[in-house]
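Engineer:
Numbering (the working numbering), first residue to last: 36 to 253.
(1) Relative to the alpha-carbon of residue 242, which residue among 191, 209, 217, 201 has its alpha-carbon at the smallest distance?
(2) Put residue 186 into one of helix, strand or coil per three-state DSSP.
(3) What first and last residue would you give for the alpha helix (DSSP H) that runs through residue 107?
(4) Do you know offhand how far residue 223's Cα is from residue 149's?
(5) Between the C-alpha atoms of residue 165 and residue 109, what's the straight-line distance to the nearest angstrom?
(6) Secondary structure at residue 67, three-state DSSP: helix, strand or coil?
(7) Beta carbon of residue 87, beta carbon of residue 62: below 8 angstroms?
(8) Going by alpha carbons, who is nearest to residue 139 out of 196, 67, 128?
(9) Taking residue 221 as the reference, give the member of 104, 92, 133, 93 with the closest Cα.
(10) Under DSSP, the alpha helix (DSSP H) around residue 223 begins and ends at which residues?
(11) Specify the secondary structure class of residue 196 as computed by DSSP and reduced to three states.
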(Lines of atoms letter the chains of each structure in order from A and count residues from 1; the text may use other names and numbers.)
(Lines give C-alpha, C1' and ligand atoms only; values in the text may rest on other atoms or scores of the structure.)
Protein backbone atom coordinates (compact mmCIF):
# COMPACT_ATOMS: atom_id res chain seq x y z
CA UNK A 1 0.00 0.00 0.00
CA UNK A 2 1.37 3.42 -0.96
CA UNK A 3 2.42 5.51 2.02
CA UNK A 4 1.33 9.15 1.96
CA UNK A 5 4.07 11.72 1.60
CA UNK A 6 4.98 13.58 4.79
CA UNK A 7 3.32 16.93 5.26
CA UNK A 8 5.38 20.00 4.32
CA UNK A 9 7.64 21.02 7.17
CA UNK A 10 7.61 17.56 8.73
CA UNK A 11 11.15 16.76 9.94
CA UNK A 12 12.72 13.71 8.26
CA UNK A 13 12.73 10.50 10.24
CA UNK A 14 16.09 9.73 11.87
CA UNK A 15 18.17 7.18 10.00
CA UNK A 16 18.68 3.70 11.37
CA UNK A 17 22.14 3.17 12.85
CA UNK A 18 23.37 1.15 9.86
CA UNK A 19 21.95 3.66 7.38
CA UNK A 20 23.57 6.53 9.28
CA UNK A 21 26.92 4.73 9.16
CA UNK A 22 26.58 4.18 5.41
CA UNK A 23 25.74 7.83 4.85
CA UNK A 24 28.75 8.93 6.89
CA UNK A 25 31.05 6.58 4.95
CA UNK A 26 29.68 7.88 1.65
CA UNK A 27 30.25 11.49 2.68
CA UNK A 28 33.80 10.72 3.78
CA UNK A 29 34.60 8.99 0.50
CA UNK A 30 32.91 11.68 -1.59
CA UNK A 31 34.71 14.49 0.23
CA UNK A 32 38.05 12.80 -0.41
CA UNK A 33 37.41 11.92 -4.06
CA UNK A 34 35.80 15.22 -5.05
CA UNK A 35 38.74 16.99 -3.41
CA UNK A 36 41.28 14.86 -5.27
CA UNK A 37 39.61 14.48 -8.67
CA UNK A 38 37.00 17.22 -8.94
CA UNK A 39 33.24 17.09 -9.18
CA UNK A 40 33.27 14.53 -11.99
CA UNK A 41 34.75 11.85 -9.71
CA UNK A 42 32.97 8.55 -10.52
CA UNK A 43 30.08 7.79 -8.19
CA UNK A 44 30.89 4.10 -8.54
CA UNK A 45 34.33 4.76 -7.06
CA UNK A 46 32.77 6.69 -4.18
CA UNK A 47 30.52 3.71 -3.43
CA UNK A 48 33.47 1.31 -3.68
CA UNK A 49 35.64 3.31 -1.30
CA UNK A 50 32.73 3.66 1.11
CA UNK A 51 32.22 -0.10 1.02
CA UNK A 52 28.58 0.08 -0.07
CA UNK A 53 26.65 -0.77 -3.22
CA UNK A 54 25.84 1.81 -5.88
CA UNK A 55 22.18 1.27 -5.00
CA UNK A 56 22.86 2.29 -1.41
CA UNK A 57 24.65 5.39 -2.69
CA UNK A 58 21.63 6.43 -4.76
CA UNK A 59 19.29 5.74 -1.84
CA UNK A 60 21.14 8.36 0.18
CA UNK A 61 22.16 10.71 -2.63
CA UNK A 62 19.89 10.40 -5.69
CA UNK A 63 21.91 12.97 -7.66
CA UNK A 64 25.46 14.26 -7.79
CA UNK A 65 24.07 17.64 -6.70
CA UNK A 66 22.75 16.06 -3.50
CA UNK A 67 26.33 15.13 -2.62
CA UNK A 68 27.49 18.68 -3.25
CA UNK A 69 24.79 20.16 -1.05
CA UNK A 70 25.87 17.84 1.77
CA UNK A 71 29.61 18.42 1.38
CA UNK A 72 30.12 22.05 0.42
CA UNK A 73 28.58 23.98 3.35
CA UNK A 74 31.80 23.48 5.34
CA UNK A 75 33.95 24.76 2.48
CA UNK A 76 31.63 27.64 1.75
CA UNK A 77 31.77 28.58 5.43
CA UNK A 78 35.54 28.90 5.03
CA UNK A 79 34.96 31.20 2.07
CA UNK A 80 32.56 33.27 4.18
CA UNK A 81 35.31 33.76 6.75
CA UNK A 82 37.68 34.98 4.04
CA UNK A 83 35.07 37.47 2.85
CA UNK A 84 34.43 38.70 6.41
CA UNK A 85 38.15 39.21 6.95
CA UNK A 86 38.48 41.11 3.66
CA UNK A 87 35.59 43.43 4.48
CA UNK A 88 37.01 44.08 7.96
CA UNK A 89 40.53 44.87 6.73
CA UNK A 90 41.51 48.47 7.61
CA UNK A 91 43.15 48.87 4.20
CA UNK A 92 40.67 48.09 1.38
CA UNK A 93 43.45 47.05 -1.03
CA UNK A 94 44.84 44.61 1.51
CA UNK A 95 41.31 43.27 1.94
CA UNK A 96 40.93 42.81 -1.81
CA UNK A 97 44.30 41.04 -2.10
CA UNK A 98 43.56 38.90 0.96
CA UNK A 99 40.23 37.87 -0.51
CA UNK A 100 41.79 36.71 -3.79
CA UNK A 101 44.70 34.95 -2.09
CA UNK A 102 42.38 33.19 0.35
CA UNK A 103 39.90 32.23 -2.35
CA UNK A 104 42.51 30.74 -4.67
CA UNK A 105 44.26 28.95 -1.80
CA UNK A 106 40.95 27.24 -0.98
CA UNK A 107 40.50 26.27 -4.62
CA UNK A 108 44.05 24.91 -4.78
CA UNK A 109 43.36 22.68 -1.78
CA UNK A 110 40.18 21.18 -3.20
CA UNK A 111 39.54 20.19 -6.83
CA UNK A 112 35.80 19.97 -6.14
CA UNK A 113 35.55 23.50 -4.80
CA UNK A 114 37.67 24.70 -7.71
CA UNK A 115 35.22 23.06 -10.13
CA UNK A 116 32.21 24.52 -8.31
CA UNK A 117 33.51 28.10 -8.31
CA UNK A 118 34.64 27.82 -11.94
CA UNK A 119 31.17 26.44 -12.80
CA UNK A 120 32.60 23.45 -14.64
CA UNK A 121 29.30 21.98 -13.53
CA UNK A 122 26.18 24.07 -13.13
CA UNK A 123 25.69 24.60 -9.38
CA UNK A 124 22.29 23.88 -7.91
CA UNK A 125 20.44 24.04 -4.63
CA UNK A 126 22.35 25.34 -1.64
CA UNK A 127 25.63 25.50 -3.55
CA UNK A 128 24.12 27.81 -6.17
CA UNK A 129 22.57 30.07 -3.54
CA UNK A 130 25.82 30.25 -1.59
CA UNK A 131 27.77 31.16 -4.75
CA UNK A 132 25.33 33.98 -5.47
CA UNK A 133 25.61 35.29 -1.90
CA UNK A 134 29.39 35.15 -2.05
CA UNK A 135 29.46 37.03 -5.35
CA UNK A 136 27.23 39.80 -4.01
CA UNK A 137 29.50 40.27 -1.00
CA UNK A 138 32.60 40.18 -3.20
CA UNK A 139 31.13 43.20 -4.98
CA UNK A 140 31.46 45.09 -1.68
CA UNK A 141 35.14 44.14 -1.47
CA UNK A 142 35.68 45.47 -4.99
CA UNK A 143 33.77 48.68 -4.26
CA UNK A 144 35.81 49.38 -1.12
CA UNK A 145 39.08 48.95 -3.01
CA UNK A 146 37.89 51.14 -5.88
CA UNK A 147 36.62 53.85 -3.53
CA UNK A 148 40.01 53.92 -1.79
CA UNK A 149 41.64 54.84 -5.10
CA UNK A 150 43.90 51.78 -5.06
CA UNK A 151 41.99 49.46 -7.40
CA UNK A 152 41.62 50.65 -10.97
CA UNK A 153 38.18 52.27 -11.38
CA UNK A 154 37.16 50.24 -14.43
CA UNK A 155 37.46 46.85 -12.69
CA UNK A 156 33.95 45.39 -12.52
CA UNK A 157 32.43 42.42 -10.65
CA UNK A 158 32.15 40.64 -14.00
CA UNK A 159 35.92 40.99 -14.36
CA UNK A 160 36.29 39.20 -11.04
CA UNK A 161 34.28 36.26 -12.38
CA UNK A 162 36.54 36.13 -15.44
CA UNK A 163 39.61 36.22 -13.18
CA UNK A 164 38.26 33.39 -11.00
CA UNK A 165 37.49 31.32 -14.08
CA UNK A 166 40.95 31.91 -15.57
CA UNK A 167 42.76 31.14 -12.33
CA UNK A 168 40.69 28.01 -11.81
CA UNK A 169 42.13 26.62 -15.04
CA UNK A 170 45.68 27.42 -13.90
CA UNK A 171 44.99 25.73 -10.56
CA UNK A 172 43.37 22.68 -12.13
CA UNK A 173 46.09 22.04 -14.71
CA UNK A 174 49.12 22.80 -12.51
CA UNK A 175 47.99 21.33 -9.17
CA UNK A 176 49.78 17.99 -9.57
CA UNK A 177 52.98 19.52 -10.98
CA UNK A 178 53.41 22.98 -9.45
CA UNK A 179 50.67 23.56 -6.86
CA UNK A 180 51.79 27.14 -6.13
CA UNK A 181 51.94 28.27 -9.77
CA UNK A 182 48.72 30.23 -9.28
CA UNK A 183 50.48 32.55 -6.82
CA UNK A 184 52.85 33.85 -9.51
CA UNK A 185 49.95 34.39 -11.91
CA UNK A 186 47.99 36.25 -9.24
CA UNK A 187 50.95 38.53 -8.51
CA UNK A 188 51.02 39.61 -12.16
CA UNK A 189 47.26 40.12 -12.17
CA UNK A 190 47.38 42.26 -9.04
CA UNK A 191 50.09 44.52 -10.41
CA UNK A 192 47.87 45.15 -13.42
CA UNK A 193 44.87 45.93 -11.22
CA UNK A 194 46.49 48.75 -9.27
CA UNK A 195 45.00 52.12 -10.10
CA UNK A 196 48.43 53.69 -10.64
CA UNK A 197 49.24 51.19 -13.39
CA UNK A 198 45.91 51.45 -15.19
CA UNK A 199 45.54 52.29 -18.86
CA UNK A 200 42.24 52.72 -20.71
CA UNK A 201 40.71 49.46 -21.98
CA UNK A 202 38.63 49.61 -25.14
CA UNK A 203 36.94 46.23 -24.59
CA UNK A 204 34.06 46.19 -22.06
CA UNK A 205 33.65 43.41 -19.48
CA UNK A 206 31.56 40.42 -20.48
CA UNK A 207 27.87 40.70 -19.73
CA UNK A 208 26.41 38.22 -17.24
CA UNK A 209 24.81 36.14 -19.98
CA UNK A 210 28.06 36.05 -21.93
CA UNK A 211 29.96 34.95 -18.83
CA UNK A 212 27.61 32.05 -18.23
CA UNK A 213 27.82 30.94 -21.85
CA UNK A 214 31.62 31.14 -21.98
CA UNK A 215 32.17 29.33 -18.69
CA UNK A 216 29.86 26.46 -19.61
CA UNK A 217 30.97 26.04 -23.24
CA UNK A 218 33.37 23.20 -22.43
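Here a beta-carbon is modelled for each residue, glycine too, at the ideal position from N, C-alpha and C.
Structural biologist: The answer reads as follows:
(1) Ranking 191, 209, 217, 201 by Cα distance to residue 242 puts 191 first.
(2) strand
(3) Under the DSSP assignment, residue 107 falls in the alpha helix (DSSP H) whose first and last residues are 99-123.
(4) 20 angstroms
(5) Rounded to the nearest angstrom, the two C-alpha atoms are 11 angstroms apart.
(6) helix
(7) In this structure, residue 62 does not lie closer than 8 angstroms to residue 87 by Cβ.
(8) 196
(9) 133
(10) 216-228
(11) helix
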